[in-house]
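This report refers to the structure that appears directly beneath it.
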Amino acid sequence: MLAYQHAYHAGNFADLHKHLLATTLAEQLLRKESPVTFIDTHAGRGWYPLAARETEQLREYEQGVLPLWQVRDRWLTDAGEPKSPSADKPLARWLARLADMQPDAAKGSASELSVYPGSPWWLSQSLRRGDRLLAYELHPGEIYHFDQAPVQRDSLGKVMRRQQDGLSGLLAAVPVTTPRVAVLIDPSYELKNDYRDVAEVVVETLRKSRHATIMIWYPLLPAGRQHDLLERLKKHSPAPMWRSELTIDSPEGEHGMYGSGMLVINPPWQFDRQFSTAMQEVVEVLKGALPAPQSVAVEHKGLWWLSEEVARERNEPKPMPRERLLSLRKLNQKVKRDSDVEVTQAKPKREKLKRGEGWAKPRVRNDSATPKAKGKRHSATAKPKTSIKAQVKDEVHGHSAPSQKRVSEKPAERKSTAAVEPTRPRGKGETAGKDSASWSDWSSSVPGKGRREGSTRVSMRSTPAIGRDGQVNPNSTTKLPRKYAAKQRPEDNKDVGKPLDAREARALREKQESNAMRGKAAKGGASKESSGKSAAGKTNSGKSAPGKDSSGKTQSNKPRGPRKP
26 MLAYQHAYHA GNFADLHKHL LATTLAEQLL RKESPVTFID THAGRGWYPL AARETEQLRE
86 YEQGVLPLWQ VRDRWLTDAG EPKSPSADKP LARWLARLAD MQPDAAKGSA SELSVYPGSP
146 WWLSQSLRRG DRLLAYELHP GEIYHFDQAP VQRDSLGKVM RRQQDGLSGL LAAVPVTTPR
206 VAVLIDPSYE LKNDYRDVAE VVVETLRKSR HATIMIWYPL LPAGRQHDLL ERLKKHSPAP
266 MWRSELTIDS PEGEHGMYGS GMLVINPPWQ FDRQFSTAMQ EVVEVLKGAL PAPQSVAVEH
326 KGLWWLSEEV ARERNEPKPM PRERLLSLRK LNQKVKRDSD VEVTQAKPKR EKLKRGEGWA
386 KPRVRNDSAT PKAKGKRHSA TAKPKTSIKA QVKDEVHGHS APSQKRVSEK PAERKSTAAV
446 EPTRPRGKGE TAGKDSASWS DWSSSVPGKG RREGSTRVSM RSTPAIGRDG QVNPNSTTKL
506 PRKYAAKQRP EDNKDVGKPL DAREARALRE KQESNAMRGK AAKGGASKES SGKSAAGKTN
566 SGKSAPGKDS SGKTQSNKPR GPRKP
């Protein structure tokens, strides 16, 4: 929220709790050599002078970091270094870094607490080569102060500041390029939706990066809104979670924050023990520094909110119920049986395709988009041409014979058709005799003409209407085009009243076209002699229709050329 400024609350007990935990966790992560990416979703200014107008207005640091600074001699020497017994304690190392960043740090124990750093500064102090820090901040005023702080100057390019919403920036940043990632989320929670948004972002972050270490700060309020955040994460998070809560007052009031809470997801090994030991020392100091009503309520609690055993059980695949397992086995057996049946049925088709019995040749694939596949034939699974109409058409026009297994013949005609080939149908002008075959003889040899019960049925609609000799098949149910059926034979022909066949109709069409062309030539301004010759040639060549003259000879349909002298 842009109205919130952390300068009014810098150095309070919540900052002490949050920054001590973040520093201790970062030290444990950096013990390994693999690089780490730290992400701070709400960076703030990163540097807070305690003499500033905003900080002096509430002076909350007097109940937080100032009591520890006043008794720092327990853990630090006069030079500001950790003492030998307490050198391994996280609180001693944390106070030593706080003393080093004071402007008058050369004075040693006589130095005063004048500046308190923010979370970006604490996370950037231990960065190594290969580590980096992404600091997100949306407030433009906080961004200006962040650029002026020594966080950027002392980090040697390892800190990247981005003016963006921290939660959306976190989702865009993960998964990171480094092997490990640690995230600090500490919004202001001035909006009620912040609790829900934080829970949703954390669950999505764990989905993208399951082993991410996430630190979530939340306030302890009398209204108990923090419980909604904790319950959501406990229900949907698949990773172990550890809680740390520091209280400095009783939760009986109606308003105000009475404590600070930190939820750590995927904490390092033995982090809970080490940090709990450091917080016990902080509690002892705060009890002696705070007034009597608050000193009684100062307490720190650390507990596993979601244990490692429960988280491991959530991640492990659950065994399938026995009833569900048996139903799936039956389903798999049924699918296997159906696939075996399909394979056995498709096998004879593939064998026929290999032998070339009754199947059309595979087409050649000409696909310009795939140059490597150009020229390759289809596989055995390509769909062949197997229709009865195609088989009859191939038989009539002399193509490869169809499969004998698909089309059967009469028992009496099997031997004759197998031994003797059908005779050639008569052509134009030939008469039917002993050596010539009529249409009925030719069509009787077509498979399916004399079908019997149990054989493959052949549709009569597949029988061609016009045979190879140009005659119309009277048994055909296929209709001729209207332009052929409407034309009648001339009156001088003996077949008056019958429709024209294809050859006669073609001759009639050629005659009409030649007459039309000659009519156009006459209109084009040709000479009378040439027009007379053309008319004479037209008379000689353009007879009405093919037929037989008195001598019995067949008249030609083609126009005659000029006679030789």
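26 is the number of the first residue of the sequence shown in our numbering; add one for each residue after it. The beta carbon of each residue, even a glycine, is placed where N, CA and C say it ideally should be.
query: Rounded straight-line distance, which links the Cα of residue 283 to that of residue 276; result: 6 Å
query: Secondary structure of residue 51, DSSP reduced to three states; result: helix
query: Classification of residue 88 by the beta-carbon crowding that lies within 10 angstroms, buried from 16 upward; result: buried
query: Pair within 8 Å by beta-carbon distance, residue 145 and residue 184; result: yes
query: DSSP three-state assignment for residue 160, whether helix, strand or coil; result: strand
query: Residues near residue 4 by beta carbon distance below 6 Å, same chain, minus five either side; result: Residue 4 is absent from the structure shown; the chain starts at 26 and stops at 590.
query: Counted within 10 angstroms of its Cβ, other Cβ atoms place residue 186 as buried (16 or more) or exposed; result: buried
query: Ordered list of beta strand (DSSP E) runs contained in the segment 58-131, each at least 3 residues; result: 61-65 and 72-74
query: Stretch pair the segment 201-219 + the segment 40-58: three plus CB contacts closer than 8 Å; result: yes
query: DSSP-derived helix/strand/coil call for residue 192; result: helix
query: CB of residue 107 within 8 Å of CB of residue 118, strictly; result: yes
query: Straight-line gap, residue 66 to residue 209 (C-alpha atoms, nearest Å); result: 6 Å
query: Status (buried if at least 16 other CB within 10 Å, exposed otherwise) for residue 291; result: buried
query: Through-space distance from residue 526 to residue 556, alpha-carbon basis; result: Confidence is the limiting factor: at residue 556 the pLDDT is only 47, short of 50, which leaves the residue's position unreliable, though a coordinate-based value still follows. So the two alpha carbons sit approximately 34 Å from each other.
query: Residues sharing a beta bridge with residue 207, DSSP; result: 63 and 238
query: Local conformation of residue 468 per DSSP, three classes; result: For residue 468, the pLDDT reaches just 44, beneath the cut-off of 50, and the residue's location in the model is therefore unreliable, although a value from the coordinates is still provided. Helix.
query: When 300, 308, 39 and 95 are compared against residue 50, the one with the closest alpha-carbon; result: 300
query: DSSP bridge partner residues for residue 243 (one or two, in chain order); result: 286
query: Cβ pair residue 121, residue 105 closer than 8 Å; result: yes
query: Classification of residue 529 by the beta-carbon crowding that lies within 10 angstroms, buried from 16 upward; result: buried
query: Assumed close pair residue 271, residue 42 - CB separation to whole angstroms, cut-off 8 Å; result: 5 Å
query: Cut-off 8 Å between Cβ atoms - residues of its own chain near residue 396, not counting five sequence neighbours on either side; result: Any reading at residue 396 is ruled out, since the residue's pLDDT is 47, under 50, leaving its predicted position unreliable.
query: Residue 309 classed as buried or exposed, judged by whether at least 16 other C-beta atoms fall within 10 angstroms; result: exposed
query: Own chain, CB closer than 6 Å to residue 48, minus 5 neighbours either side, in chain order; result: 119 and 147
query: Candidates 39, 228, 76 and 232: closest to residue 307 by CA position; result: 39
query: Proximal residues to residue 287 (C-beta, below 6 Å), its chain only, five neighbours per side dropped; result: 46, 242 and 269
query: Own chain, CB closer than 8 Å to residue 263, minus 5 neighbours either side, in chain order; result: 231, 235, 336, 339 and 340
query: Status (buried if at least 16 other CB within 10 Å, exposed otherwise) for residue 37; result: buried
query: Residue closest to residue 285, alpha-carbon to alpha-carbon, out of 245, 249, 233 and 190; result: 245
query: Pairwise C-alpha distance: residue 111 and residue 170; result: 35 Å
query: Residues sharing a beta bridge with residue 142, DSSP; result: 72
query: Exposure label - residue 198; buried when at least 16 CB within 10 Å; result: buried
query: For residue 258 and residue 227, believed in contact at Cβ under 8 Å, the rounded distance; result: 6 Å
query: Cβ-Cβ separation, residue 102 to residue 33 (assumed contact under 8 Å), whole Å; result: The Cβ separation is near 34 Å, so there is no contact.
query: Contacting residues, own chain, Cβ-Cβ under 8 Å from residue 73 (five flanking each side not counted); result: 31, 32, 35, 36, 80, 140, 141, 142 and 143
query: Residue 267 to residue 313 span [Cα, whole Å]; result: 28 Å
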